[in-house]
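**Student:** One structure coming up, written as structure tokens, with questions to follow.
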Amino acid sequence: ETGVTQTPRHLVMGMTNKKSLKCEQHLGHNAMYWYKQSAKKPLELMFVYNFKEQTENNSVPSRFSPECPNSSHLFLHLHTLQPEDSALYLCASSQEGGKAFFGQGTRLTVV
Amino acid sequence: AQSVTQPDIHITVSEGASLELRCNYSYGATPYLFWYVQSPGQGLQLLLKYFSGDTLVQGIKGFEAEFKRSQSSFNLRKPSVHWSDAAEYFCAVGDSTDKLIFGTGTRLQVFP
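Written as structure tokens, this is what we have:
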């Protein structure tokens, strides 16, 4: 248990569906992140939020839409995804200093 | 370009044997270096990190890593592997803002 909770753990969705991934941390961290982990590829940083403000968007397609309503919660809204978007989506949080805590991830399958 | 290379995709060792997982990085500034472990179906757990100071870093679960600036390496070691160490190991480099660049990982298999 790292203190970062992601729900759901598994998600299967059609290409026309709209779904959301949720991440929650109560560690008092001020930065939260979304990473994508695909088979045989390095983890890819998608979005970074610092104090609820988005500070990084690594050229992520608009079908992924992040939302950070407060420092403890981070969402990833999904719509019209493609099969190649199937992956493990990891949320992380940190306080300044380089120690990121990761959630267990949401395994997403797009059919 | 900033990057992390883990040259070994898959390593198999016998329980009780020593282990070394390789990591090389390319980074413009002084790097912050990390090793994470991921068990099947789980998120990433931090094993150890290097920011500055002593180049030999001790981590959890008996792991250690040595930062060698001249070789741009940060190899992970353990003197005696346990069956529970079977997992995927990721090396990462970042700056003080924690935006990590990960390697592709090394899958460790442990035989009894």
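Sequence order for the protein chains is A and B. Going by my numbering, the letters in the first sequence line up with residues 1 to 111, in that order. Going by my numbering, the letters in the second sequence line up with residues 1001 to 1112, in that order. Every residue gets a Cβ at the ideal spot worked out from N, C-alpha and C, and that includes glycine.
1) Suppose the cutoff is 7 Å on Cβ atoms and the five residues either side in sequence are ignored; what does the same chain contact list for Ala-1029/B look like?
2) Quick check on Arg-107/A - is its C-beta less than 9 Å from some C-beta in chain B?
3) Could you tell me which whole beta strand (DSSP E) segments of length 3 or greater appear in the stretch 1007-1036 of chain B?
4) Output the distance between the C-alpha atoms of Thr-2/A and Tyr-33/A, rounded to the nearest integer angstrom.
5) Please list the partners that Phe-1063/B has in chain A, where partner means a Cβ-to-Cβ separation under 7 Å.
6) As a quick exercise: from Phe-1034/B, Ser-1072/B and Arg-1077/B, pick the residue whose alpha carbon is nearest that of Ser-1026/B.
7) Do the stretch 63-74 of chain A and the stretch 1009-1023 of chain B meet, that is, are 3 or more Cβ pairs less than 8 Å apart?
8) Tell me whether Gln-1038/B is buried or exposed, calling it buried when 16 or more other Cβ atoms sit within 10 Å of its Cβ.
9) Determine the extent of the beta strand (DSSP E) in which Gly-1053/B is found, giving its start and end residues.
10) Give me the Cα-Cα distance between Thr-16/A and Thr-80/A, rounded to the nearest whole angstrom.
11) Gln-25/A and Ser-72/A look like a contact to me (Cβ under 8 Å); what is the Cβ gap, rounded to whole Å?
12) Based on the DSSP secondary-structure assignment, which residues constitute the bridge partners of Pro-66/A?
13) Evaluate the contact criterion for the stretch 4-22 of chain A versus the stretch 99-106 of chain A: three or more CB pairs, one atom per stretch, below 8 Å.
**Tutor:** Taking the coordinates as given:
1) Answer for Ala-1029/B: Asp-1095, listed in chain order.
2) At least one chain B Cβ lies under 9 Å of Arg-107/A.
3) Runs of the beta strand (DSSP E) inside the stretch 1007-1036 of chain B: 1010-1014, 1019-1021 and 1024-1026.
4) When only Cα atoms are considered, Thr-2/A and Tyr-33/A end up about 15 Å apart.
5) Going along chain A, no residue has its Cβ under 7 Å from Phe-1063/B, so there is no contact; the nearest lies around 16 Å.
6) For the set Phe-1034/B, Ser-1072/B and Arg-1077/B, the Cα lying nearest the Cα of Ser-1026/B is the one of Ser-1072/B.
7) Verdict: no, contact absent.
8) It counts as buried.
9) Gly-1053/B -> no beta strand (DSSP E), and no H or E assigned at all.
10) Approximately 5 Å, taken between the alpha carbons.
11) Distance from Gln-25/A to Ser-72/A at the Cβ level is roughly 6 Å; contact confirmed, criterion being Cβ atoms closer than 8 Å.
12) Bridge partners of Pro-66/A: Leu-76/A.
13) Below 8 Å, enough C-beta pairs join the stretch 4-22 of chain A and the stretch 99-106 of chain A to call them touching: three or more.
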